[in-house]
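J.: Be aware that the sequence shown starts at 1, since it is given in full-length UniProt numbering, and climbs by one per residue.
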Amino acid sequence: MVNTIAALTFVLAVILRLEDANIRNPRVAKVLGTLVSLAGVMSMTLYKGPVVKSLGHPLIYIHRGNGVVHKNWSKGLILIAASCITWSIWYIMQAYTLKRYPTQLSLTIWMSFVGAAQSTFYTVIVQHKRTAWTMGFNIDFWSTLYGGIVISSLVVYIQLWCTIQKGPAFIIVSNPLSTVLVAVLAYFVLGEKLYTGSIIGAVIVIIGLYLLLWGKKIHNQK
């Protein structure tokens with residue numbers, strides 16, 4: 001469901017006139033590209049097919065426990081849907097904010113600062129134990145370092161720069177690639193099963209991305 005953010009963002013961008021979806025000219029490729037990418041992701045999720053033969057031993061072994069999982073599908077679907085909608089709105093807000101405040105670097109700093117302040121306030125209320133705040137020189141340290149430098153700094157800054165150059169729909173349409181990359185890395189690094197449906201869906205996603213890029217190129221030429 002997270003990959004529906006691309007379609008939701010494009011729809012919001014069209015409604016707010018940040019993107020053109022005139023289906024009477026070749027720029028219809030932008031609409032088709034978004035729908036095709038979404039169809040590719042859905043096929044990866046819903047269709048498995050035969051398992052691809054493993055090429056070797058995984059690089060990392062993960063112990064999977066048999067803990068009890070409590071499921072609540074109704075609440076889960078509502079929360080995921082709300083997350084997708086608010087995430088799409090966040091990308092649209094970036095586009096509007098950059099029109100009045102086009103300095104990507106300082107905007108990235110402010111966004112990171114506000115996010116850190118909110119997370120700190122929430123964690124202080126939820127976690128009162130000292131162990132929740134301590135960090136050793138292990139995977140917790142490296143994941144936190146990666147999240148701060150790459151995710152909260154480089155990725156946000158690059159997203160803001162691309163939003164100015166190409167618009168919010170151009171940024172979010174590449175999100176389905178994360179599903180493809182996760183499937184590939186999980187297969188080679190963690191040794192998880194890879195299905196033919198995932199490969200077919202990945203090809204469809206790439207075709208959709210090329211359609212959208214082609215539509216954007218035609219739009220810029222005109």
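Glycine included, C-beta positions come from ideal geometry on N, C-alpha and C.
Between the C-alpha atoms of I5 and R17, what's the straight-line distance to the nearest angstrom?
T.: 18 Å
J.: Can you tell which of A202, Q104, V114 has the C-alpha that lies nearest to the C-alpha of I164?
T.: Q104
J.: P50 and Y195 - do their beta-carbons sit closer together than 8 Å?
T.: yes
J.: Just checking my contact of A13 with T34 at CB under 8 Å: how many whole Å lie between their CB atoms?
T.: Wrong, their Cβ atoms sit about 10 Å apart, outside the cutoff.
J.: Around the Cβ of G115, are there at least 16 other Cβ atoms within 10 angstroms (buried) or fewer (exposed)?
T.: exposed
J.: Assuming A202 and V182 are in contact, meaning their beta carbons sit under 8 Å apart, how far apart are those beta carbons, in whole angstroms?
T.: About 11 Å separates the two Cβ atoms, so there is no contact after all.
J.: Beta-carbon within less than 8 Å of Y101's beta-carbon, same chain only, minus the 5 sequence neighbours each way: which residues are those?
T.: Non-local C-beta neighbours of Y101 in its own chain, meaning closer than 8 Å and more than five positions away in sequence, comprise L107, ordered along the chain.
J.: Within 10 Å of its beta-carbon, does V155 have 16 or more other beta-carbons around it, so buried, or fewer, so exposed?
T.: exposed
J.: Three-state secondary structure (DSSP) at Y101?
T.: coil
J.: Are C84 and V31 touching if we call contact CB-CB under 8 Å?
T.: no
J.: Between which residues of its own chain and T144 is the CB-CB distance below 6 Å, once the five residues before and five after are set aside?
T.: none
J.: Here's a check: name, in chain order, each residue in its chain whose Cβ is nearer than 8 Å to the Cβ of A132, leaving out the five neighbours to either side.
T.: Closer than 8 Å at Cβ, skipping near neighbours: T123.
J.: In whole angstroms, what separates the C-alpha of R130 from that of F113?
T.: 23 Å
J.: Alpha carbon to alpha carbon, how far is G40 from I200?
T.: 8 Å
J.: Helix, strand or coil: how does DSSP classify Y47 here?
T.: coil
J.: Determine, for L46, whether the minimum Cβ-Cβ distance to residues of chain B falls below 8 Å.
T.: Among the chains in the structure shown there is no chain B, since it carries only a single protein chain.
J.: In the DSSP assignment, find the alpha helix (DSSP H) that holds V14 and state where it starts and stops.
T.: 5-15
J.: Just how far apart, CA to CA, sit G76 and A82?
T.: 10 Å
J.: Between which two residues does the alpha helix (DSSP H) harbouring Y146 extend?
T.: 139-146
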